[in-house]
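Numbers in the numbering used here are just positions in the sequence shown, counted from 1, shifted up by 165. See below for the structure under consideration.
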Amino acid sequence: MRLSYWIGPPGGTANSARHPDGAYGAASTMKVAVLAALYRADVDLDAPLPVVNDFPSALGDGSRYANDPGYDDEDQVWTHLGGAAPARWLARRMIVRSSNLATNLLLARVGLPAVAEVWRLAGATNSVTARGIEDHAARDAGLDNVVTAADLAALFGALHLGKLGSPSATSEMLDLLAAQEWRQDLAAGLPQGVRVAHKNGWMTGIRHSAGIVYPPDADPYVIAVCTRSDAVPPPDDYDEQACSAIAGLSAERYGMRHQ
166 MRLSYWIGPP GGTANSARHP DGAYGAASTM KVAVLAALYR ADVDLDAPLP VVNDFPSALG
226 DGSRYANDPG YDDEDQVWTH LGGAAPARWL ARRMIVRSSN LATNLLLARV GLPAVAEVWR
286 LAGATNSVTA RGIEDHAARD AGLDNVVTAA DLAALFGALH LGKLGSPSAT SEMLDLLAAQ
346 EWRQDLAAGL PQGVRVAHKN GWMTGIRHSA GIVYPPDADP YVIAVCTRSD AVPPPDDYDE
406 QACSAIAGLS AERYGMRHQ
């Protein structure tokens, strides 16, 4: 297993790091940058947004793509297909249940340049959101979504410090991330009840998790972990192994929170 991480204070220098600039396929961690771009945009978050499953490819050649419902880990957004839903509700489904369809709807609304600006403002140097989820033509042409542990840490640090939105927007985004329902990796290493505003992401042979931990008796800290299988194809239990590794690192760091 290839494993990279960055752990330290929000906006500060890492207390502990391992290959923090190693590049990985982003999986769903890129949804945090989409969230920040949405809250920075001049968008009425409560206005209805048409729910469609037809998107222009990032290739810019007029081609289009769609999401596969079977590849999505959230089904509520699909029940609105052909209708409309508020951007605020779509943002929640994108984060707490990692909806791919909601992500592409919001990405189409704000645009890739707005997401790139979020990465820039966060101080990320190696991460990029180049296309929507399942834009296979763009992926095959070399346009891919890439993250590093250091950049994910910078993104969460900037969010915590209010650099990516107004105080009210920052509070709402952090509350959304704290409501994350997929909790089998980073959150699994923390004691019950400890607040963690985080987002994970996974696909075949990849599992990442990054967020801000708010101990009740210590200063908050950022932890970002990226993993990738060394084997191709990965072992059947790779995701379980990766979740265990991330949870173990999370538990270890929490135990050192007073140092």
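In this text, a Cβ means the ideal position worked out from N, Cα and C, and glycines have one as well.
Residue-chain proximity (residue i, chain B), Cβ-Cβ < 9 Å
{"i": "proline 185", "result": "Given the protein chain composition of this structure (a single chain), no chain B is represented."}
Start-to-end residues for the alpha helix (DSSP H) that takes in residue i
{"i": "isoleucine 411", "result": "403-420"}
{"i": "leucine 342", "result": "332-343"}
{"i": "valine 199", "result": "196-205"}
Unbroken beta strand (DSSP E) run spanning residue i, endpoints
{"i": "tryptophan 284", "result": "Not the beta strand (DSSP E): tryptophan 284 falls in the alpha helix (DSSP H), residues 277-287."}
{"i": "methionine 368", "result": "360-368"}
{"i": "arginine 372", "result": "371-379"}
{"i": "leucine 214", "result": "213-215"}
For residue i: DSSP bridge partner residues
{"i": "threonine 392", "result": "Leu168 and Arg372"}
{"i": "proline 221", "result": "Arg229"}
{"i": "glycine 190", "result": "Val311"}
{"i": "valine 387", "result": "Gly173 and Ile377"}
DSSP three-state assignment for residue i, whether helix, strand or coil
{"i": "serine 181", "result": "strand"}
{"i": "glycine 235", "result": "helix"}
{"i": "alanine 249", "result": "strand"}
{"i": "glycine 173", "result": "strand"}
{"i": "valine 242", "result": "helix"}
C-alpha gap between residue i and residue j, whole angstroms
{"i": "proline 174", "j": "serine 415", "result": "14 Å"}
{"i": "proline 356", "j": "arginine 372", "result": "21 Å"}
{"i": "leucine 329", "j": "glycine 247", "result": "32 Å"}
{"i": "glycine 420", "j": "tyrosine 204", "result": "34 Å"}
{"i": "leucine 270", "j": "alanine 249", "result": "11 Å"}
{"i": "glutamine 424", "j": "glycine 276", "result": "42 Å"}
{"i": "glycine 327", "j": "arginine 296", "result": "26 Å"}
{"i": "threonine 313", "j": "glutamate 239", "result": "25 Å"}
{"i": "tyrosine 230", "j": "alanine 267", "result": "15 Å"}
{"i": "valine 283", "j": "leucine 200", "result": "10 Å"}
{"i": "alanine 375", "j": "alanine 318", "result": "7 Å"}
{"i": "alanine 352", "j": "cysteine 391", "result": "15 Å"}
{"i": "proline 251", "j": "aspartate 340", "result": "18 Å"}
| said: Which complete alpha helix (DSSP H) runs does the segment 251-330 hold, if anything under 4 residues is left out? | reply: 252-261, 265-275, 277-287, 301-305 and 314-325
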